[in-house]
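Numbering (this note's numbering), first residue to last: 41 to 574. Structure first, then comments.
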């Protein structure tokens, strides 16, 4: 039995004998739920940062005067957790069902002792775990209840707004996980307004009248980074890549400042997730060399934390697979995607990887039947992949059916990149069929949308098609202009391709097993978007 397992009976004993002390009883329930779920990041917030009395003794000196007997159990279990270390903690079996039950017990206890604030914290934490378990039918009523509690609770303004941020973050990520990029906009706007409100509030040194209220969720600075992060996630899915770049830069600068003073593991997790998104952005906009250097930076962060690598290994190999596709190393791409599939049991990531594998796993991509994801975005992408495959096989009517379904779904949720890709492929099909007018009606808006994103590959494809269309229609000047655009895009992509393949980090494409290889790291570190701003 490891030290973390040994800590759990101590926690249960402490919980049993602390029922007359609401602050400690709630804190211990949080702690046991975190240990049961095996979530290192959650431990940092629901144990260390979550308790005002623990982190700010000068504000709550009464907590340090009286020491009830169960404090000994608390100290023992905390010591056991520290001795276990992150390497053991990340390997724990994540019993999310039991953790949800414990959080439910905490919510009911908080209700009984009259703490609607801490009840909301317990319920929101439970909602987060239910989202992780993909128990969506249970999430909806729980979030509805949380919304009512948060709006009705009257108390410290910062605590109230932090509850609203927690609630809105769960709502936004729920929408984004479902690929509902358009539907999420009202919630995202509320979240952004909420974080602006919090930034103007001062931390009031007011002792809550109810000792069960002596908790907070996140520091304001961490909430700010989190809001930047979900904004980046939305911008990436919607195809607003310049906006994604802007908010990534802001978030990375904020993280750089925070990490000088704070060693919380959640900050590194935020950094990795931001980099994962901006890497995909670089690959789309034709900056493969920068993307590769940022992949190397993710490797370095994962080398520093076994837990972080365990949580992000599949995503890291997926990013390497996407990079391999962008530089036409298809055998390496397949190896990377296959490795990622082996490392994940997450349905959405599985679907994303399989969609990118395309040919070798096409039979597993069937959006019409038993496609195992609820994400609107991924289902739309699956229809596009089937349309592309039908096009290559010369089954043009079938391809058009799949692509029109993609357009219908992508237009419904403002999935701009999928819209651009579908339009240019439909334009190509109409061109092959000799319907030049309809082809032009597809390609021109595809080019405009791709320029707005900006998506270099779609611009390259669209300009080549416009060149050929204008030639076929006898429009010499327009054909020449399109040919010049195509040449410019080709040169930019070729130069970036050569630069990326010449980097030492390019050797990462051969890594498919074990931790990230140290020998492939650049000596001076990657040239990240943050570094370019400093």
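Where is the CB? At the ideal position from N, CA and C, for every residue including glycine. A quick note: this is a predicted structure, and the numbers were derived from the prediction, not measured.
DSSP three-state call for residue 80: helix, strand or coil?
-> Note that residue 80 has pLDDT 46, beneath the 50 cutoff, so the model's placement of it is unreliable and the number below is only indicative. Note: residue 80 maps to helix in three-state DSSP.
Whole-angstrom distance between residue 297 and residue 190, CA atom to CA atom | 31 Å
Using 10 angstroms around the beta-carbon of residue 349, count the other beta-carbons present and answer buried if the total reaches 16, otherwise exposed.
-> buried
Could you please give the first and the last residue of the uninterrupted alpha helix (DSSP H) stretch that includes residue 325?
-> Where residue 325 is concerned, the enclosing alpha helix (DSSP H) stretches over 305-325.
Would a C-beta distance cut-off of 7 Å place residue 482 and residue 463 closer than the cut-off?
-> yes
Who are the Cβ neighbours of residue 205 in its own chain at under 8 Å, not counting the five residues just before and after it?
-> 231, 234, 235, 238, 257, 258, 263, 266 and 267
Residue interval of the alpha helix (DSSP H) (run including residue 280) = Premise fails: residue 280 is in no alpha helix (DSSP H) and is neither H nor E.
For residue 130, is the classification buried or exposed, using 16 other Cβ atoms within 10 angstroms of its Cβ as the cut-off for buried?
-> Only weak support exists for where residue 130 lies, its pLDDT of 30 falling under 50; the value from the coordinates is given anyway. Per the 10 Å Cβ criterion, buried.
Assuming residue 169 contacts residue 140 under a Cβ cut-off of 8 Å, what Cβ separation, rounded to an integer in Å, is found between them?
-> 5 Å
Take residue 480 and list the residues in its own chain whose beta-carbon comes closer than 7 Å to its own, dropping the five residues that flank it on each side.
-> So the qualifying residues of the chain are 509.
Does any heavy atom of the ligand HEM sit closer than 6 Å to the C-beta of residue 540?
-> In terms of ligand content, the structure shown is empty, and the ligand HEM therefore cannot be addressed.
Residue from 316, 351 and 325 with nearest C-alpha to residue 337 | When only C-alpha atoms are compared, the closest one is 316.
Could you tell me the distance, in whole angstroms, from the CA atom of residue 334 to the CA atom of residue 293?
-> Going by the C-alpha atoms only, they are around 15 Å apart.
Option nearest residue 552 by Cα separation, candidates 485, 360, 532 and 533 | 360
Which residues in the same chain as residue 540 place their Cβ atom closer than 7 Å to its Cβ, once the five residues preceding and following it in sequence are excluded?
-> Counting only residues of its own chain and dropping the five nearest sequence neighbours on each side, residue 540 has a CB closer than 7 Å to the CB of 328, 329, 332, 367 and 546.
Can you name the start and end residues of the alpha helix (DSSP H) that residue 331 belongs to?
-> 328-343
Put residue 575 into one of helix, strand or coil per three-state DSSP.
-> There is no way to answer for residue 575, as the model of the chain reaches only from 41 to 574.
Rounded straight-line distance, which links the Cα of residue 146 to that of residue 199 | So the alpha carbons of these two residues sit roughly 18 Å apart.
By Cβ distance, which residues of its chain are closer than 8 Å to residue 277, with the 5 residues on each side in sequence left out?
-> 216, 219, 221, 417 and 455
Can you give me the Cβ contacts of residue 451 inside the same chain, cut-off strictly under 8 Å, excluding the 5 residues immediately before and after it?
-> Closer than 8 Å at Cβ, skipping near neighbours: 459.
Helix, strand or coil for residue 96 per DSSP?
-> Confidence at residue 96 is low in this model, with a pLDDT of 30, below 50, so its placement is unreliable and the value that follows should be read with caution. It is coil, neither helix nor strand.
Nearest residue (CA-CA) to residue 157, options 201, 174 and 179 = 201
Closer than 8 Å by C-beta to residue 543: which residues in its own chain qualify, once you throw out the five before and the five after it? Chain order, please.
-> 329, 332, 333 and 562
Endpoints, alpha helix (DSSP H) assigned at residue 479 | 476-492
Would you tell me roughly how many angstroms separate the C-alpha atoms of residue 290 and residue 493, rounded to the nearest one?
-> 20 Å
First and last residue of the uninterrupted alpha helix (DSSP H) at residue 164 | First-last of the alpha helix (DSSP H) with residue 164: 156-173.
Which of the three DSSP states, helix, strand or coil, is assigned to residue 151?
-> helix
Can you tell which of 229, 351 and 531 has its C-alpha closest to the C-alpha of residue 305?
-> When only C-alpha atoms are compared, the closest one is 351.
C-alpha distance - residue 52 paired with residue 72, whole-angstrom precision | 8 Å
Less than 7 Å separating the beta-carbons of residue 270 and residue 365?
-> no
How far does the alpha helix (DSSP H) with residue 374 in it reach, from first residue to last?
-> 370-383
Quick one: Cα of residue 343 to Cα of residue 378, how far?
-> 22 Å
First and last residue of the uninterrupted alpha helix (DSSP H) at residue 352 | 346-366
Count the other CB atoms, across all protein chains shown, that sit within 10 Å of the CB of residue 470; report buried if there are 16 or more and exposed otherwise.
-> buried
Sequence-distant residues of the same chain with beta carbon closer than 7 Å to residue 283, five excluded per side | 275
Residues of its chain near residue 135, where Cβ-Cβ distance is below 6 Å and the 5 sequence neighbours each way are ignored | 76
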